[in-house]
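And the structure:
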C-alpha cells in the first residue's frame, strides 16, 4: 500500500515537472530579446543577416509549439540545451554547481534544525521566563534581518576585523588542496555563508519547536507518563519532542524550495559557486536555457524532497495514513 | 474596543507600533525636514558620521546618508504596502472563487499554488523584474505576483470552512446572489487570518525589495536602502557606516512590522492561544 | 600566525590567509583575476578587455610598440616601407612555431590579415580596407600593397588590433563555432592549458617560445573573482599577484596604492587610450542641436566627476583624442568648462524652455549596472547635475545584451560607454564620426548618426597623408570641428590602474601593458 502511494507521488512529481517546463518555457519566451540578441551582442556584430542566420541555426524562427516540442523531447532525454553565453551544455553547467549549493544547504539545514530545536525546547521547558522571552525576541530579530546584509556583516566582523575565517569562496584561491586538507579548507569556507543562511530558519525551527512542545506538554498522554513516575527528562525526550517533530518535518519540506532554489543572496555575497550565483548570472546575461534548466532541476529536487519528508512524516507519526 | 485592548496588551506590539509610526512620520515628512533631496551631493565622499553637518556621514558619492536613509524609508514602505495590497487583492479574488465554488476552479488554484511553492520564487522574481526592465512598477508587480498564492490559500481555506455555515444558507434563502454572499457575508468573517498574513507580508516585501535593489534589479532612479547597500559594497571595509546604517534601518522597520503582525494575530484570533 | 592576523586585522588590512608575501602560487606561477569567464578565447571574434589580457599571452602580432608608439620587430624580424608608402614588406622570423608545433609562416599572415581579421573585427576591417593585395613571394616574406598610402597601417598591426591567427586551424572553418575558440592556439609566451569554467583559466609556459630567456614564469592563472570587494581582499592578502584594469574599484585604489607590497602603475593602458563618453541619439530633438550638447557639457562638472566620483583617477577629456595621443592638439579644441548658467542660457536660446514643473526636457540615459561601481555612480551624478539645469533624466538599468541591441538599433536617447582610441585616429576614432560607418544593428559604430561631410573628408585625407605634418594638419582641423560641433560627449580620459606583487618585475613593457603578454615577467 505504501509502495502504491510512493509510485503515485512519483508520477505526480513528474507531472509537476512537466507543468514547470511548460509554464517556464512560455514565460521566458515572452521576454523581449532572444538568443540571437544575446549572442549577437557578444560577437560584436549584430546586423540583420547575422541575426537571421543565428535564429535559423537555433530554431528560433519556428512557431512556438514546434520549439516547445523540440525542447520538451530533449529534456525528456536529459538534454537541457546549450547555454547561449558559455557554449556548454546546460546540464553539465548545472551539475557542476549543484553539489556546492546542496552542500551549503545541507550544512544550513543541520545547523538550523539542531540549533532551533535546542533553543525551542529550552524555551518550552520554562515558558514565560526571561530565557523564553529572549529566545522569542532573538527569533524575531533573525526574521527581520536582511540576509544579504547579515552576510556582509559576518564578513566584516569575522573575516575582516577578527580575521578568523575566510571572506569568500568555497576554497582558498590558488591553494589546490587535496584530500583531507581540501575538506578542512572547504569546512572553513562554509561556516560564514552556512550560518548566514541558517539563522532565518533557525528562528522558525525555534518557534515551531517551542509552540509544538508547549502544546504537546498539555496533552493527556504526557500527563499519564508523568503520573507513571517517568522522569521529566525522559518525558521531554521520548514523548514531547518526538511528537513535536512532526510539524518540523513538514516545515523542512516547505524550506526546500527556498533553499534548493539557490540562496541567491547568500551565494552572491560570499561568491559561493552554486546554483544561486548561476541563476543571477543567467538573468543578467539573458541566458534562457540555463534559467529554464535551473527551474526544472529545482522543481524536480524539491518534489523529491517533499516526497521524502512526507514519508518521514508518516514514520514519525504512525497515526498518519499515507494518502490524501 | 476589545480588539485594541488585546492588541496593546502585548509590550512588543506597542513597541512595534511606536517604531512603525515613527518611521512613517519620518518618511512622509522627509521633504519637509531636509532642504535637499537624497541625490544631492553635499561634499566629499565617505565622510564618517560626526563630520560637520553629517550625522550619518556621507556615502560613496558624497551624498548625505541621513537624507538617504529617510527617503529610503519612503521607497520601502511604498513598495511594501503597495505590493502587499496587490497580492492581497489577487489572493482574495482567486481564493474566494476557489473556496466558494470548489470543483475545477479549486483544483486549478491548488495546482497553481503548488507550482509556486516548488519553483524557486526569488529566481522567478529576478526573471520577471529583469524582463520587465527594473523599475518601481516592475518591482511592485513582481513581488505581488510571487506572493499572492500564499494569500489565496489562506482565503480559500477560510471560504471552504465558512461556506457551509448557517448564515450563508440564510443569505441564500433570502435571495442574495453569489457575489453578494462572498463579499458581504463570508469575506468579513474571513478577514482575521487574512489580515494576519498580510501584515507579515509587508515585512517580507520590504526585505525582498531591498534584496532586488542590492542585486542591481531595483529602480535606478530611486534611492532605497537596498540600493544604498549595493552602492557601498566596494567601500564596505573603508566606510562601515555606508552599509551598516541602511541595513539596520531595514531590520528595525521589518522587526517593527513583524511585532505588529504578531500583535494583530493574537488580537484577532484569541482562541488560538499562545 | 594568529597574532599577526589579528594585528593586521586591527590595522584594517586583511590577513586571511596570511601568506608572507611570497608569490601567491607554487613555483613561478602568477595569479590574476577576472570578473567572470569570457564567452570564449577567440580575441578577434569579440574583444573584451579580459580577452585582450588573456589572449595577449597566447597570440602575438607582427610588431611590438614602444612608449612613443614606434614599431619594433616581433614576429616580423624586419620590415620596410616603400618610399611612396604603398608597399610594406615584412620578413618573418623562421624559428617561430604555433603551440601545437606547426611552423608559423607567411600563410598565417596572409590568412589572418586577408581573411579572418577583416571578417571578424570591425577595426581591422576598416584599417585593412586600404589594402589592395597581400602576397607572399616565399614562406617567410609578406608584401602588403595598399591602394593609397595609409600612415596608420603599422599601428593597425598592434597586438590588440591584429593578432596572428593559425591558418591551419581556422582556414575554411566557421570561425564562430570552431572548437579552438575554447582552447586557443597561438605563438605567444604562454599557451592554453586548462579552462575550468567558473574557477580559472590556466596558461602554461610555452617551451617552444622563440624569444630566448622567455617566458620568465611558469604559468598564469586567471581566477574568477566576481565582486569588487573580493578582488580587493584577494589582492591585499596576496592570494593573487596581479590586479588589472577595473579589477579594483576606484573607491579603494588609494588604499591599495598605500600597500607596501604592491606596485601600482597608471600607464599600462596608454596604448588603448580610453575615453569615457556619452553618446546622444542625434536623430532626435533636442540632441540634434549643437547647443543642447554644449549645454550638457557645461552642466556637468567633469572635474568633480574625476576627483570625487572616480577618486582622482583620470583626466577630463576635452576632445576625441586623449592628451597622450600623438596627434592631440590642445590649441585646436573648443572647451566647455563647468558653467551651469551658460548651460541654461544655451537651452533657452535653442527653445528648450522650462515647462510647468520647471523641467525643460525628459530623456533616458542607459546604464549598465555594475554592482554599485563607477558606472552607476557617474550615471547618478550626471542625472543630478543635469536636473540642476532643468533636464529631467531617468536612468534605464539595462544589461549588456539589451544595451547592445538598443544602441545598435538606435532605440535610445543617451548611453554611456568607453572607447579606446588605439594610438591613431584612423584606427580608433574615425569609426564613430564617419557617416559611412552608420550601420544599423552593429555596435561600436557611428551610433549617434553624426553626419558632417567635411569630417568625412578630413578623416580620409588624414589617413592617407604621406608625412606627419600633413596628417597633423588634418587631425588638428578635425579636433577643431568635432569639438565645436560637440560631436560626442567626452567625459574623461581613463587611466585604469595596474597593480602587481612587488616581487615581480617587467610586467608592463609598453603602452599595451597586459595586451602584449607577460613573457618578460620574472621574479626579482
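Chains as they are written, first to last, in our numbering: chain P, 55 to 378; chain G, 1017 to 1290; chain W, -3 to 520.
Just so you know, even glycine gets a beta-carbon here, dropped at the ideal spot from N, CA and C.
Owing to the predicted nature of the structure, the values given are computational and were not obtained by experimental measurement.
- Relative to residue 356 of chain P, the option among P:58, P:132, P:62 and P:71 whose CA is nearest is P:71.
- According to DSSP, residue 386 of chain W shares a beta bridge with no other residue.
- The contact set of residue 354 of chain W on chain G, defined by CB atoms closer than 7 Å, is empty, because the minimum CB distance reaches about 13 Å.
- For the stretch 210 to 224 of chain P, residues whose beta-carbon sits nearer than 9 Å to a beta-carbon of chain W comprise 213, 214, 215, 216, 217, 218, 219, 220, 221, 222 and 223.
- Not flagged as an interface residue toward chain W: residue 1192 of chain G, since no C-beta distance is shorter than 9 Å.
- By the criterion of at least three beta-carbon pairs nearer than 8 Å, the stretch 292 to 309 of chain W is in contact with the stretch 331 to 338 of chain W.
- Residue burial is scored here from C-beta neighbours: residue 49 of chain W has at least 16 other C-beta atoms within 10 angstroms and is therefore classed as buried.
- Contact of residue 1082 of chain G with chain P is not assigned, every C-beta pair being separated by 9 Å or more.
- Between the stretch 1135 to 1142 of chain G and the stretch 1192 to 1202 of chain G, the count of Cβ pairs shorter than 8 Å is below three; the stretches do not touch.
- Looking at the DSSP output, residue 199 of chain W sits in a beta bridge with W:188 and W:216.
- Chain-order list of chain W residues neighbouring residue 1052 of chain G: empty, with the shortest C-beta distance near 10 Å, by a criterion of under 9 Å.
- By the beta-carbon neighbour count (other beta carbons within 10 angstroms, threshold 16), residue 372 of chain W is buried.
- By a beta-carbon distance limit of 8 Å, residue 396 of chain W does not contact residue 306 of chain W. Their separation comes to about 22 Å.
- CA-to-CA, the gap between residue 256 of chain W and residue 171 of chain W works out to about 46 Å.
- Look at the stretch 393 to 449 of chain W and you find these whole runs of alpha helix (DSSP H), each 4 residues long or longer: 396 to 404 and 421 to 424.
- Here residue 1280 of chain G is near residue 1215 of chain G, since their CB atoms are less than 9 Å apart.
- Your pair residue 313 of chain W and residue 486 of chain W checks out as a contact, with CB atoms roughly 4 Å apart and the cut at 8 Å.
- When secondary structure is reduced to three states using DSSP, residue 309 of chain W falls in the coil class, being assigned neither helix nor strand.
- Beta-bridge annotation (DSSP): residue 514 of chain W is not paired with any residue.
- With respect to the 9 Å criterion, residue 403 of chain W and residue 270 of chain W are not classified as neighbours on the basis of their beta carbons.
- Within the stretch 1153 to 1167 of chain G, no residue has its Cβ closer than 8 Å to any Cβ of chain P.
- Interface flag for residue 1243 of chain G against chain P is unset, since no Cβ pair is found closer than 9 Å.
- According to the DSSP assignment, residue 260 of chain W belongs to the beta strand (DSSP E) that extends over 258 to 261.
- Remark: fewer than three beta-carbon pairs, one from each stretch, lie closer than 8 Å, so the stretch 109 to 121 of chain W and the stretch 74 to 94 of chain W are not flagged as touching.
- Burial state of residue 1018 of chain G is exposed, judged by a 10 Å Cβ sphere holding fewer than 16 other Cβ atoms.
- Between the beta-carbon of residue 211 of chain P and that of residue 221 of chain P there is about 11 Å, and that puts the pair past the 8 Å contact cut.
- Around the beta carbon of residue 195 of chain W, a 10 Å sphere encloses 16 or more other beta carbons of the protein chains shown; the residue is thus reported as buried.
- Chain-ordered, the chain W residues with CB closer than 8 Å to the CB of residue 339 of chain P read 395, 396 and 397.
- Per DSSP, reduced to three states, the secondary structure at residue 28 of chain W is strand.
- Residue range 72 to 77 is occupied by the beta strand (DSSP E) that includes residue 73 of chain W.
- Residue 1149 of chain G has a beta carbon lying within less than 9 Å of a beta carbon in chain W.
- Across the structure, residue 352 of chain W and residue 387 of chain W are spaced so that their CA atoms are roughly 13 Å apart.
- DSSP places residue 1130 of chain G in the helix class (H, G or I) of the three-state scheme.
- Considering only W:25, W:71, W:96 and W:80, the residue with the shortest C-alpha distance to residue 87 of chain W is W:71.
- Residue 486 of chain W: member of the beta strand (DSSP E) spanning 485 to 489, first to last residue.
- Judged by beta-carbon spacing, residue 476 of chain W lies beyond the 9 Å limit of residue 323 of chain W, meaning their Cβ atoms are not closer than that value.
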